[in-house]
Amino acid sequence: MASGGGGRQTPGSPRVLVVGGGIAGLGAAQRLCHYSAPPHLRVVEATARAGGRIRSERGFGGVVEVGAHWIHGPSQGNPVFQLAAAFGLLGEKELSEENQLVDTGGHLDLPSMCCTSSGTRVSPELVAEMASLFYGLIDQTREFLHVAKTPVPSVGEYLKKEIGQQVAHWTEDKETKKLKLAILNNFFNMECCISGTHSMDLVALAPFGEYTVLPGLDCTFSGGYQGLTNNIMASLPKDVMVFNKPVKTIHWNGSFQEAAFPGETFPVLVECDDGGRFPAHHVIITVPLGFLKEHQDTFFEPPLPAEKVEAIRKIGFGTNNKVFLEFEEPFWEPDCQFIRVVWEDTSPLQDTTSGLQDTWFKKLIGFLVLPFSKSVHVLCGFIAGLESEFMETLSDEEVLQSLTQVLRRVTGNPQLPAPKSVLRSCWHSTPYTRGSYSYVAVGSTGDDMDLLAQPLPADGTGPQLQVLFAGEATHRTFYSTTHGALLSGWREADRLMGLWDLKMQQSWPRL
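Now the structure itself:
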């Protein structure tokens, strides 16, 4: 294996391996390359591309975001925003002071139309009334952070309890009450997409307020989010990235010798699926929590300590998928940015028992109108949870057929032309990801994320910082975001550089 990864290392400089080429891994690598005495560095990525859950693809004559969509809270405190600005990837509007000062409280409010399953339109006033009720309650859930005991374990149960009490005081006719509950059900499904969960009943109430919303009006990359990771990658020395290199086992707490390094021993040996072996002093694991959940029992040798195994098991990790539909002609108004779909027979206060086969599409919250050129008309649907995972088992044709029926039904136009093409994400079945992003599940707390972030060995014996952990699921306040992932990569790079600084000080002669 050729040496490199900075070109300036001295023989005997530490060998660092980063597992995973998403934004956490790339961020860690970029930071390490700028160290005064750069380590020998490799980033091993299982697939043929960098970016991980940031994934922009050519489609419909433009760029579609199969993964991360927005910069959440694009303001000075957001490193993703800062990097995107530095790389020249944002427009004037996104960079404006005005945009950075908007405080949405994390609730996106777009000019939208709201359609029902019987083909009628819901008045914007009624939707606004339900939005105000729902988001008021969501904001209340964040207050339980400093309470000794919560009234119920989950966000979902709390919302349902509160809504149940409100319904008793509603004075409208039966049909309007039913419609209001159906609209609220859409907000629950929307919140499932935001949290990356099947149900808000799975999201822990007490720690929910730890997630931190940054100021700024959420914005997108006109040229694709992947421009960000491509730029970071381009700033690395050319031989650092190794693609199509899935890792099989991380051997740690050992004393490994490799023929390529006579006389040297390494505490870590990373073994790849293809038999390749990378000896290292330090390895930074940045793989998604979904991958760890599936492979942790075989991925580490010796196995992880029990408390880390437990944290991986307890933290939530679910699926949020997108379905892109391209139309010959728009059936929506020119100023419409979101089409909300409300199923009139649904209510958050009632459990749905019907099979996924027939009702999976009812979990779909609606469609974002994408800002393509005037001649291209694309909608992006969002769907979370088990219904989203079921959708992955269907063919493009089946999805297209089901969604065409849905759109004909909600527009009240049985002749609505079918979309001319479909493209979708399949994050649950993506082998090295196995879902979308993390949430703090019932039975876990932010402490579990901190625990996941703790390096090994934990007991302070043997060589220090052999195995380090980064990725969105290791960030206590910014989990599920690209900025959380980036900050976690920087955090682990800083941790290593702190160790090396200390070693350097200790090796200086005392005067």
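Heads up: the sequence shown begins at 1 in my numbering, then just goes up one per residue. We treat Cβ as the ideally placed atom computed from N, Cα and C, and that holds for glycine. From a predicted model like this one, the values you see are computed outputs, not experimental measurements.
- Partner residues in the beta bridge of F327, as assigned by DSSP, are H377.
- A straight-line Cα-Cα distance of about 16 Å links E143 and V440.
- Nearest to V127 by alpha-carbon distance, out of P111, D139 and S118, is P111.
- Contact between I23 and Q226 is ruled out by a C-beta separation of about 10 Å, above the 8 Å threshold.
- Beta bridge pairing from DSSP links Y439 with G316.
- In the assembly as shown, V147 is an exposed residue. Its beta-carbon has fewer than 16 other beta-carbons within 10 Å.
- If you ignore the 5 residues before and after L486, its C-beta comes within less than 8 Å of the C-beta of I23, A24, G27, P79, V80 and L83, all in its own chain and listed in chain order.
- The DSSP-derived three-state label of V268 is strand.
- DSSP places K238 in the coil class of the three-state scheme, outside both helix and strand.
- Pairwise C-beta distances place the segment 176-187 in contact with the segment 346-365, as three or more of them are shorter than 8 Å.
- The beta-carbon separation of F266 and R15, rounded to 7 Å, stays under the 8 Å limit for a contact.
- For C114, no alpha helix (DSSP H) segment is defined; the enclosing uninterrupted segment is the beta strand (DSSP E) at S112 to T116.
- Between the segment 131-140 and the segment 383-398, the count of Cβ pairs shorter than 8 Å is below three; the stretches do not touch.
- For G290, the closest C-alpha among the options D494, G52 and S438 is that of S438.
- The alpha-carbon separation between D345 and L179 amounts to approximately 8 Å.
- Assignment of R49 by DSSP, reduced to helix, strand and coil, places it in the coil class.
- A distance below 7 Å between beta-carbons, with the five flanking residues on each side excluded, links W332 to the following residues of its chain, in chain order: M113, I339 and V369.
- E65 carries a strand assignment under DSSP once its states are collapsed to helix, strand and coil.
- Nearest Cα to T220 within the set F361, V422 and E94: E94.
- T359 and L403 have their C-alpha atoms some 11 Å from each other.
- By the 16-neighbour rule on beta-carbons within 10 angstroms, P207 is buried.
- Here the C-alpha atom of F361 lies approximately 8 Å from the C-alpha atom of V406.
- L368: member of the beta strand (DSSP E) spanning G366 to V369, first to last residue.
- The segment 418-432 makes contact with the segment 318-327: 3 or more CB pairs, one atom from each, lie closer than 8 Å.
- Each of E175, M504 and H282 was checked against the Cα of V122, and the nearest Cα belongs to E175.
- Contact check for E492 and I312: beta-carbon distance about 17 Å, past the 8 Å limit, so the pair fails to qualify.
- When Cβ pairs closer than 8 Å are counted between the two stretches, the segment 248-258 is seen to touch the segment 275-283, the count reaching three or more.
- Counting only residues of its own chain and dropping the five nearest sequence neighbours on each side, T477 has a CB closer than 6 Å to the CB of E210 and T212.
- By the beta-carbon neighbour count (other beta carbons within 10 angstroms, threshold 16), T433 is buried.
- Assigned with DSSP and collapsed to three states, S421 falls in strand.
- When secondary structure is reduced to three states using DSSP, S154 falls in the strand class.
- For the pair K363 and C115, the CB atoms are not nearer than the 9 Å cut-off.
- One thing to note: G223 has its Cβ within 9 Å of the Cβ of V63.
- Around the C-beta of A234, fewer than 16 other C-beta atoms lie within 10 Å, and the residue is accordingly described as exposed.
- Judged by DSSP secondary structure, L292 falls within the alpha helix (DSSP H) whose first and last residues are L289 to F299.
- For D139, the closest of L159, P153 and T120 by C-alpha to C-alpha distance is L159.
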